[in-house]
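Okay, so here's the structure we're looking at.
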Amino acid sequence: MRQIPLISSFRIFLAGFAGITVLFSCKSSLPSEPVSHEIITGKYVPADSQVVVSARAEATRAGVMILRKGGNAFDAAVAVHFALAVCYPQAGNIGGGGFLLARKSDGTYVALDFRETAPAASTENMFRDERDQVIPKLSTLGALASGVPGSVAGILEMHEKYGSLPLDILLQSAIDLAIHGYVLTALDTMELYKVGRELQTRNSYVAFWPSGGVLPGDTIRQPDLARTLQRIAQYGKKEFYEGLTADLLVQCMQRHGGIITREDLQNYRPVWREPLFADAFGYRFVSMPPPSSGGIALLQMLKMAEMVRLDTLPHLGTAYISRVVELEKRAYADRAFYLGDPAFVQVPVQELLSDVYLAQRLVNYTGVPLPSAVLSHGKASFPESEQTTHYCIADRFGNVVNITTTLNSPYGSCLLVNGAGFLLNNEMDDFSAKPGVPNQFGLVGNKANAVAPGKRMLSSMTPTIVEKDGKVSLAVGTPGGATIITSVFQICLDVEVFGLPLYESVQLPRFHHQWLPDKIWVEDGHFHPDTLAILEKMGYTIQPRSPIGRVEAISWTSGGIMEGVADERGDDAAGR
Ligand code: DON
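Under the numbering used here, the first residue of the sequence shown is numbered 515, with each subsequent residue one higher.
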């Protein structure tokens, strides 16, 4: 199990409301901005005009190079996205999907949904056997696990609308990385060994998993992927959805018992959506609407946090953790009941975010834990009628681009499109295979998130931007499946409500509750045993686990300096 590295030699014991609270490592002083024309990358990168943060230094550099060539944040996002598809096959992708939330230089927001869709031949019970039992792994591994990929359509749609440099320039770094190779880190190697057998048995050739295995320091070259990227650079999204890549993808489906057809690919469209807004603690929080559940759940929790005066409690004390957990349970219970693709189910968005509704959700909050078994979703009336990755970029024009993208599990379905060199997602597992039966993240759902042809599966991805008095203050997002929403919630609280520096906030230990199962997951070894003992005495079940999320974020100081921060939990890097 990977532990969060200690950054300095001293550990701080935070004294909380009910006693000692967390063990965490803290950087004693942050480096000052070095004077250099070289691309600077690191976990903490202050910048005065532009910054990029992503899961890999190679992708971060690709984005910075575009900004230096005069491109804007949207251009840089194209470069970062395709570079991640090469050097971070765990989650970077062209065979997956994602969400964009951007704040344009004029202060307005746009949201683009390029989430995968269920193929036309999919059915509500396609992951169940004749006795109506969910078939293990069918929605997570192999060809049936994949939704119709949305990333290429989404990223190129964003580029058409807001980009300024030509595609061939933007994809060059990715193509170079695919041809000349990227170097495996120790973490890459570890993650590859976890899925090595699946990759080997499902594919005839995997460039990043050669026979004999891999070692840190190996250089991975991906000639098939390089050719696919060259075709996309030359012919645009039509190539992926109707050209040779589409042919290869459909052949792959036919060989492996999948159901994605040429028509599914041709019919795929990204959707521009209205971002969600909520005010709390004097800030304006902006996040992703359905089919993400992230925006609704995050904004519900932030508004309820203000109602229960979370800011009056000692940060990360046991009373604080308990109060946060009680809010999380309520939001996730609503998620399971109400949320799904708005093209298929009515989601009472405004009601779920209204003060009256949220106050009602808190009626049974008396300061003591309420077991999940007796806590259900609220009563909203309908109006008539451990892989993902996040990257964020701020440019000198004032644009902020914030994208979470995913194949779902690490390496998605473990199925590569033979000859095209890219992995397909296993996003179908984000549907509810059967009401009440948990998916791989332990999330339960119901009718609202049942499989249906053309439908988008519910997501937890939560790209979020915060502003104060009309000025941007924070851009944040993370992978982590069900924990995405609570990690973003914690960062918003730490930075905006408790005034902690972004670097410290990102490296602080995280905890998570998702209503069902009724337990608090805590990052193993990072909470003080006394804290956990007190929470257990209060009636909570504590479940230690591996690191939660890999947050990428940018904050703006009142002096106008940007701080790009990458999570110490991974190989992530900020750069300028
Ligand atoms: O969209 C979702 O909510 C999931 N497919 C995200 C998966 C994820 O974050 C896995 N990473 N650890």
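All residues carry an ideal CB built from backbone N, CA and C; glycine is no exception.
Computed from a prediction, not measured in an experiment: that's the story for all the values here.
Hey, how far is the Cα of M818 from the Cα of A989?
Taking the sequence shown and counting its residues from 1, the one referred to as residue 818 is at position 304. Taking the sequence shown and counting its residues from 1, the one referred to as residue 989 is at position 475. The alpha-carbon atoms of M818 and A989 are separated by roughly 21 Å.
Got a sec: is the Cβ-Cβ distance from S1001 to anything in chain C below 8 Å?
Of the protein chains in the structure, only one exists, and it is not chain C.
For Q1057 and V785, what's the separation of their Cα atoms in angstroms?
Position 543 of the sequence shown, counted from the first residue, corresponds to residue 1057. Position 271 of the sequence shown, counted from the first residue, corresponds to residue 785. So the alpha carbons of these two residues sit roughly 38 Å apart.
Cβ-heavy atom distance, T919 to the ligand DON, below 7 Å
On the sequence shown, position 405 is the one that residue 919 refers to. False, no ligand heavy atom lies under 7 Å from that Cβ.
Separation of I1005 from S539, as counted between CA atoms
By 1-based counting over the sequence shown, the position of residue 539 is 25. By 1-based counting over the sequence shown, the position of residue 1005 is 491. Note that S539 scores 39 on pLDDT, short of 50, meaning its location in the model is unreliable; the coordinates nonetheless yield the value given after this. Approximately 16 Å between the Cα atoms of the pair.
So, does the stretch 993-1012 touch the stretch 950-963, judging by three or more C-beta pairs under 8 Å?
yes
Tell me which residues share the same chain as T845 and place their Cβ nearer than 6 Å to its Cβ, disregarding the 5 neighbours each side in the sequence.
Stepping through the sequence shown from its first residue, residue 845 is reached at position 331. Correcting the residue identity first, residue 845 is Ala in this sequence and not Thr. Cβ neighbours of A845 beyond the five flanking positions: A811, Q814 and M815.
To the nearest angstrom, report how far apart E547 and A561 are at their CA atoms.
Sequence index remark: in the sequence shown, residue 547 carries index 33 (1-based). Sequence index remark: in the sequence shown, residue 561 carries index 47 (1-based). In this prediction, E547 has a pLDDT of 44, which is less than 50 and means its spatial position is unreliable; what the coordinates show is noted afterwards. E547 and A561: Cα-Cα distance of roughly 7 Å.
Can you name, in chain order, every residue of its own chain whose Cβ lies under 7 Å from the Cβ of Q744, other than the five neighbours on each side?
Here residue 744 refers to the residue found at position 230 when the sequence shown is read from its first residue. Cβ neighbours of Q744 beyond the five flanking positions: I689.
My understanding is that T654 touches D855, with C-beta atoms under 8 Å, so please give their C-beta distance in whole angstroms.
As a position in the sequence shown, residue 654 is number 140, starting the count at 1. As a position in the sequence shown, residue 855 is number 341, starting the count at 1. About 20 Å separates the two Cβ atoms, so there is no contact after all.
Using only the heavy atoms of the ligand DON, determine whether one of them is closer than 7 Å to the beta carbon of I998.
Within the sequence shown, the letter at position 484 stands for residue 998. Flag set: Cβ of I998 near the ligand DON.
Rounded distance between the beta-carbons of A1088 and V1129, thought under 8 Å:
With the chain represented from 515 up to 1090, any question about residue 1129 goes unanswered, as that position is not in the structure.
Determine, using beta carbons only, whether M1052 and P883 come nearer to each other than 8 Å.
Here residue 1052 refers to the residue found at position 538 of the sequence shown. Here residue 883 refers to the residue found at position 369 of the sequence shown. Yes, they are a contact pair.
May I have the straight-line CA-CA distance separating R787 from T920, to the nearest angstrom?
Counting from 1 along the sequence shown, the entry for residue 787 is found at position 273. Counting from 1 along the sequence shown, the entry for residue 920 is found at position 406. Taking the straight line from one Cα to the other gives about 19 Å.
Tell me where the beta strand (DSSP E) around V785 begins and ends.
Counting from 1 along the sequence shown, the entry for residue 785 is found at position 271. Its beta strand (DSSP E) spans residues V785 to R787.
Any chance you could list the beta strand (DSSP E) runs of at least 3 consecutive residues sitting entirely within the stretch 998-1058, in chain order?
1034-1037
State buried or exposed for N940, treating a residue as buried only when at least 16 other CB atoms are found within 10 Å of its CB.
If you number the sequence shown from 1, residue 940 lands on position 426. Buried is the call here.
Are the CB atoms of E1066 and Y905 within a distance shorter than 8 Å?
Here residue 905 corresponds to residue number 391 of the sequence shown, with the count starting at 1. Here residue 1066 corresponds to residue number 552 of the sequence shown, with the count starting at 1. Their beta carbons are under 8 Å apart, which means Y905 touches E1066 by this criterion.
Selected residue, minimal CA-CA separation from R783, among D983, G968, N586 and V877
Looking up residue 783 in the sequence shown gives position 269. Of the candidates D983, G968, N586 and V877, the one whose C-alpha sits nearest the C-alpha of R783 is G968.
S1001 versus E865: straight-line alpha-carbon distance, rounded
Against the sequence shown, residue 1001 aligns to sequence position 487. Against the sequence shown, residue 865 aligns to sequence position 351. Rounded to whole angstroms, S1001 to E865 spans 24 Å at the Cα level.
Leaving out five residues on either side along the sequence, give the residues of the same chain with a beta carbon under 8 Å from the beta carbon of A894.
As a working note, residue 894 is residue 380 in the sequence shown. Closer than 8 Å at the Cβ level, and outside the excluded window around A894, lie D848, Y852, P862, E865, L866 and Y871.
Tell me, please, which residues DSSP counts as bridged to N916.
Position 402 of the sequence shown holds residue 916. Answer by DSSP bridge pairing, in chain order: L615 and C906.
Let me check understanding here. Comparing Cα to Cα, which of G695, G585 and R1024 lies closest to T733?
Position 219 of the sequence shown, counting from 1, holds the residue named residue 733. The candidate whose alpha carbon is nearest that of T733 is G695.
Please confirm if the stretch 675-694 is in contact with the stretch 574-593, defined as three or more CB-CB distances below 8 Å between the two stretches.
yes
Looking at the ligand MN, does it come within less than 7 Å of D1085, judged from the CB to the closest heavy atom?
Only the ligand DON can be found as ligands here, which leaves the ligand MN out of the picture.
According to DSSP, is P883 helix, strand or coil?
As a first step, residue 883 is located in the sequence shown; it is residue number 369 there, counting from the start. Of the three classes helix, strand and coil, the one that applies to P883 here is coil, per DSSP.
Determine the closest residue to A873 out of N586, S678, Y797 and M821, with distance taken between C-alpha atoms.
Mapped onto the sequence shown, residue 873 falls at position 359. That would be M821, whose Cα lies nearest to the Cα of A873.
How many Å lie between Y602 and V877 at the Cα?
Counting from one through the sequence shown, the residue named residue 602 turns up at place 88. Counting from one through the sequence shown, the residue named residue 877 turns up at place 363. Taking the straight line joining both Cα atoms gives about 45 Å.
Alpha-carbon to alpha-carbon, F588 and I554:
Start at 1 with the first residue of the sequence shown, and residue 554 comes out as number 40. Start at 1 with the first residue of the sequence shown, and residue 588 comes out as number 74. Those two C-alpha atoms are separated by around 20 Å.
Can you tell me whether G1162 sits near the ligand DON, meaning its C-beta is under 7 Å from at least one heavy atom of the ligand?
An answer regarding residue 1162 cannot be provided, because it is not within the stretch 515 to 1090 covered by the chain.
Have a look at L1049 and H1042 and give me their C-alpha separation to the nearest angstrom.
Position 535 of the sequence shown holds residue 1049. Position 528 of the sequence shown holds residue 1042. Roughly 11 Å separates the two Cα atoms.
For L937, the three-state DSSP class (helix, strand or coil):
Position 423 of the sequence shown, counted from the start, is the residue given in the question as residue 937. The answer is strand: DSSP assigns L937 an E or B state.
With P560 as the anchor, note down where its beta strand (DSSP E) starts and where it stops.
Numbered from its first residue, the sequence shown carries residue 560 at position 46. Run containing P560: Y558 to A561, per the beta strand (DSSP E) assignment.
Check each candidate in P663, A747, L706 and A792 and name the one with the smallest Cα separation from E777.
As a first step, residue 777 must be located in the sequence shown, where it is residue number 263. The shortest C-alpha separation from E777 is found at P663.
Looking only at C-alpha atoms, which of D620, A833 and A573 sits nearest to T1045?
Translated into the one-based positions of the sequence shown, residue 1045 becomes position 531. Cα-wise, what sits closest to T1045 is A833.
Can you give the Cα-Cα distance for G881 and R837, rounded to whole angstroms?
Along the sequence shown, read from residue 1 onward, the residue named residue 881 stands at position 367. Along the sequence shown, read from residue 1 onward, the residue named residue 837 stands at position 323. Looking at the two C-alpha atoms, the distance is approximately 7 Å.
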